[in-house]
Every structure is written in C-alpha cells, then in structure tokens.
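Residue numbers (my numbering), protein chains in the order written: chain A, 1 to 236; chain B, 237 to 472. Just so you know, even glycine gets a beta-carbon here, dropped at the ideal spot from N, CA and C. Since the structure is predicted, the reported quantities are computational estimates derived from the model, not experimental observations.
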DNA sequence: ATCTGAAGTCTGGTATATCAGATCCCACAA
DNA sequence: TTGTGGGATCTGATATACCAGACTTCAGAT
C-alpha cells in the first residue's frame with residue numbers, strides 16, 4: 001500500500017505519505033466501535049448513548065456523532081431520529097455480509113479475469129505459489145498476509161475502485177480470527193485449492209469460472225468464520 | 237411502506253408512524269448533496285467547503301459534517317484528513333454502482349426464489365401482470381411506481397434486510413429519470429419481458445435462473461440509464 | 001530570477017452550549 | 001387497581017467557539 005512517487009527526480013527520493021494514514025479521533029472511534037460491534041460486544045437492539053460514549057473515549061460528542069453516522073451508513077447501527085442509535089448486528093446480519101461479499105467479490109473476480117494483463121497475471125500466480133509454500137510449512141501468519149495480498153491484487157487487477165471499497169466494508173472478522181482459521185490444516189488445504197483455482201481461472205481469462213469459484217470460496221470460508229465467531233449456534 | 241399496527245385493539249386504530257419518516261437537517265443535507273452529486277453537479281476532485289455549505293443551507297456546520305460523513309461511507313466523496321472532502325463520482329463510478337447493484341440484486345433474487353412463499357409469489361405475479369397492463373397503456377407513472385414495488389417485493393421475499401439496504405445505496409438515478417426511460421416504448425417492452433421472466437423464475441423457485449435474469453436486467457437497464465445521465469459520452 | 005521561510009489566512013477537527021423532543025416518575029382521580 | 005397527565009429529566013440535534021494543521025503570500029537572501 002505504499003504509494004509510488006510520481007516521477008521522482010532522484011532515485012533516493014522518499015515516497016509521499018498518503019494523507020489517509022493520518023488518524024483522527026472520529027476514525028479511531030469509528031474503528032473501535034465497529035470492531036466492538038462485529039466482535040459481538042453489543043446485543044442487537046441495544047441503545048448507544050452519545051454522551052456516555054464520549055465520556056468513555058474521553059472526547060467530546062462531535063467525533064462520536066460522526067463515527068455513528070459512518071456506522072449507520074455501513075448498516076451496523078440504526079438511527080431513530082431524535083431517539084438515538086441502536087445496534088443492528090447479529091448472526092443473520094453477518095450471514096448477509098458474507099453473501100454481499102460473495103456477490104461483490106465474484107463480480108470483481110469476473111472483471112479481473114477480463115482485464116488482467118500478463119505481468120499482473122504472473123504476479124497473481126506468484127502469490128498463489130507462495131501460498132502453496134506457506135501452506136506446506138504451516139505458516140499461518142504468512143497465509144493471513146498472503147490472503148490479503150491475493151484479494152487485494154485481484155481488486156487492483158479489476159480496476160474497480162468503488163467495488164473494492166464496498167467489499168472492504170463487508171468483512172466482519174479481523175486478522176486475529178483469520179489467524180485462527182489458518183491454524184487448521186484441513187481448512188488451510190481447502191483454501192489453497194480454492195485460491196489456486198481462482199488464480200488459474202483469472203489468469204487464463206475464464207471470467208465465468210473465476211466468478212463461480214470466487215463466490216463459492218467466499219461463501220464457504222465465510223461459513224467457517226461464521227462458525228468460529230458465532231460458535232455454531234444456529235439459534236434465533 | 238406503512239408500518240402495520242402490532243395487534244391493534246380496535247379496528248379503527250391508527251398505525252404508528254415510523255420514526256424513520258421524521259426529517260432532520262442532516263438528512264436533508266445528505267439527500268440534497270447526494271442528489272446533486274449523482275446529478276453530476278460537481279466535478280470529480282472538486283473540493284467541498286464545510287463553512288460554505290453551511291452558509292448555503294443556512295445551518296451550522298455540525299449537520300453538514302455528519303452528512304459528509306455519510307457520503308464518505310457511501311463512497312461518493314473522499315475525505316482527506318485535515319484537508320477536506322473531495323467529490324468522487326463520474327461515469328466510471330456510476331458504472332461500478334450498476335455492477336454492484338447487479339451483483340447484489342441478483343444475489344437477493346436468488347434467495348427470494350428459494351424463500352418466497354405461495355401468497356407472496358402470487359403477489360409478485362400480480363405486480364408483473366399490472367406491469368403488463370401499464371405497458372400496454374403506456375402509463376409511465378404507474379410503471380415507475382410498479383417497478384419500485386416489484387423490486388421491493390423481491391427484497392422482502394428474500395428476507396434480507398442488510399442486502400436490501402445495501403442495494404438502496406447503489407442507485408444513481410432518481411424517479412424523474414426513471415420516468416424518462418419508461419417513455420420509450422421499446423425500453424418499456426424490453427423491461428416488461430425481463431420483469432415477467434424474473435417473476436416467473438422466482439415464483440417457480442428456479443434460483444439460478446432468477447439470479448442470471450436479474451443480473452442481466454440490472455446491467456442492461458443500468459446501461460440505458462448511464463446513457464441518459466452521461467449522454468453516451470464514453471470519454472475519459 | 002529563483003528559492004526559502006516566516007507570517008497571515010483558511011479550513012477541518014474538536015469541544016462546549018443550548019434547545020427541544022422523548023422518556024420517565026409519580027401524584028391523583030376514577 | 002388502573003389509567004391519566006403534568007412535570008422533571010434525559011438525550012439527540014443543532015449552533016457556536018476555538019485550536020491547530022494546511023495553504024498562501026511575499027519579503028529577503030542567493
């Protein structure tokens with residue numbers, strides 16, 4: 001994610017830092033609350049109090065309000081005008097987030113298969129090869145990182161900025177949970193097979209196949225995450 | 237969209253008004269800005285000034301900031317910390333919104349085909365029949381309304397709240413533009429055929445067919461809208 | 001003429017104040 | 001006991017104040 005310098009005059013020039021990296025209070029609140037919600041630390045329907053949150057974070061209500069507005073647009077909380085916001089997240093919501101990601105990620109895989117070039121295709125294959133190695137050596141940390149690179153590379157190859165952004169918001173598990181999933185040898189092997197197949201389909205330009213395989217991959221692995229996060233309970 | 241009373245004691249009882257209907261300043265600003273952006277009244281990369289917007293709307297900057305936060309999460313503007321927000325919308329963004337909607341709407345059609353019951357299926361068929369009548373009589377206004385009902389009904393039948401919400405945000409054209417599109421007899425006929433086919437696939441429970449047809453419908457009609465809004469110019 | 005950098009200005013980020021709708025409580029009447 | 005209603009309280013919505021980072025400008029140096 002390091003931005004490339006736009007025609008650096010000297011080879012020793014440093015890359016510009018991306019303004020996005022700067023942290024503001026509202027972003028911190030947003031990320032923290034989002035993580036807490038997705039971790040199930042609030043019950044669906046639970047009310048959030050702006051003043052109380054402001055006090056807990058040790059800030060004023062202004063950045064809290066802005067963070068809540070973002071969560072609202074993401075669909076994780078619901079705003080009842082003049083009454084406050086309530087949590088809107090449970091297992092069924094997570095299931096739908098998986099479906100949304102499956103739909104979008106498969107669409108982007110389809111486009112990537114159509115639009116990827118020779119060099120980018122080679123890179124994708126290279127990432128898949130590294131995944132194969134990491135799977136053999138049971139290197140969970142590398143797998144988590146490679147997984148990210150893999151999907152990120154496909155996003156870039158599709159040249160779809162909007163879709164890529166949209167997909168980012170459909171993730172309800174974080175890196176620590178991803179690490180857990182990669183500890184299981186069977187799961188590791190399954191994921192590798194899927195990734196390899198997806199890479200092959202994309203590189204060979206088989207858009208429809210890439211789409212189907214990506215969708216199945218996201219749904220299947222998503223269900224695995226679902227079981228980890230919600231502990232197999234199919235209640236409610 | 238009238239909420240049904242939860243066990244009204246008297247048949248004469250009034251239905252509760254949905255709190256969502258209440259309008260707040262930030263919602264008004266949000267909708268207005270969103271419509272303006274989608275109507276192409278700002279150039280991509282153009283900077284928005286909070287104080288200037290506040291003055292134009294005749295309000296303080298607080299609701300403006302909140303509205304901008306929502307637009308940011310929707311992906312229509314980009315926030316550069318401590319530097320402001322810039323517009324992020326052009327034809328390619330609109331194209332991706334169509335693809336997103338196609339992906340999500342087809343996923344929801346798939347689920348609706350699996351989950352719809354007898355009575356809801358009959359209602360869907362009824363809506364399709366009304367569409368046929370309105371198409372024959374060239375009633376553009378009814379078609380716009382029925383179109384909304386049609387998709388809304390499928391959303392409800394899929395029992396997917398999150399996906400339905402997500403889809404709502406992928407619309408870059410408003411009712412007035414929809415009316416324009418329904419003025420064209422050829423387009424009207426094409427849309428009717430697609431709607432009829434989708435309804436049939438859903439009612440008969442053919443999930444995969446419903447999915448494919450919905451996707452093609454959204455992409456095709458989306459391209460028509462694209463041509464109207466961006467006037468066929470394939471530049472940039 | 002070009003570059004540097006210090007001062008001034010602009011503008012987003014945060015804190016605080018105020019208002020009004022929503023909710024809660026409890027006395028009082030039927 | 002149950003239900004009504006008025007007032008106290010809570011809390012979200014909005015306005016305003018203030019600070020600090022970002023940008024602009026321009027004088028002075030090279």
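Chain-order list of chain A residues neighbouring residue 407 of chain B: empty, with the shortest C-beta distance near 14 Å, by a criterion of under 9 Å. DSSP places residue 314 of chain B in the strand class (E or B) of the three-state scheme. For residue 197 of chain A, same chain residues with a beta-carbon under 7 Å away, outside a window of 5 residues either side, are 213 in chain order.
By the CB criterion at 8 Å, residue 336 of chain B and residue 163 of chain A fall inside the cutoff. The three-state secondary structure of residue 265 of chain B, taken from DSSP, is helix. At a cut-off of 8 Å between beta-carbon atoms, residue 305 of chain B makes contact with chain A. In terms of CA proximity to residue 224 of chain A, A:183 leads the group A:211, A:207, A:183.
Checking the DSSP bridge columns, you'll see residue 353 of chain B has no partner listed. Residue burial annotation: residue 317 of chain B is exposed, with fewer than 16 other C-beta atoms found within 10 angstroms of its C-beta. A direct Cα-to-Cα measurement between residue 289 of chain B and residue 299 of chain B gives close to 10 Å.
Bridge pairing for residue 458 of chain B: absent [DSSP]. It is roughly 18 Å from the alpha-carbon of residue 139 of chain A to the alpha-carbon of residue 151 of chain A. Cβ contact annotation for residue 79 of chain A (same chain, cutoff 7 Å, sequence separation greater than five): 72, 85, in chain order. Scanning chain A for C-beta atoms nearer than 8 Å to the C-beta of residue 302 of chain B yields 65, 66, 69, reported in chain order. In chain order, 228 place their CB closer than 8 Å to the CB of residue 180 of chain A, counting only its own chain and leaving out the 5 sequence neighbours on each side. Inter-segment contact for the region 343-356 of chain B and the region 379-386 of chain B is absent: fewer than three beta-carbon pairs are separated by less than 8 Å. One thing to note: residue 44 of chain A has its Cβ within 8 Å of the Cβ of residue 90 of chain A. Here residue 301 of chain B is buried, its C-beta having at least 16 other C-beta atoms within 10 Å. Per DSSP, the beta bridge partners of residue 323 of chain B are B:313. In summary, the residues of the region 99-110 of chain A whose CB is separated from some CB of chain B by less than 8 Å are 99, 100, 102, 103, 104, 106, 107, in the order they occur in the chain.
In the DSSP annotation of this structure, residue 252 of chain B is not part of any alpha helix (DSSP H), being labelled neither H nor E. One alpha carbon belongs to residue 125 of chain A, the other to residue 131 of chain A, and they sit about 10 Å apart.
Ranking A:145, A:207, A:128 by CA distance to the CA of residue 199 of chain A puts A:128 first. Residue pairing from DSSP places residue 47 of chain A in a beta bridge opposite A:86. Scanning B:251, B:346, B:310, B:458 for the CA closest to the CA of residue 392 of chain B turns up B:346.
Where residue 433 of chain B is concerned, the enclosing alpha helix (DSSP H) starts and stops at 421-439.
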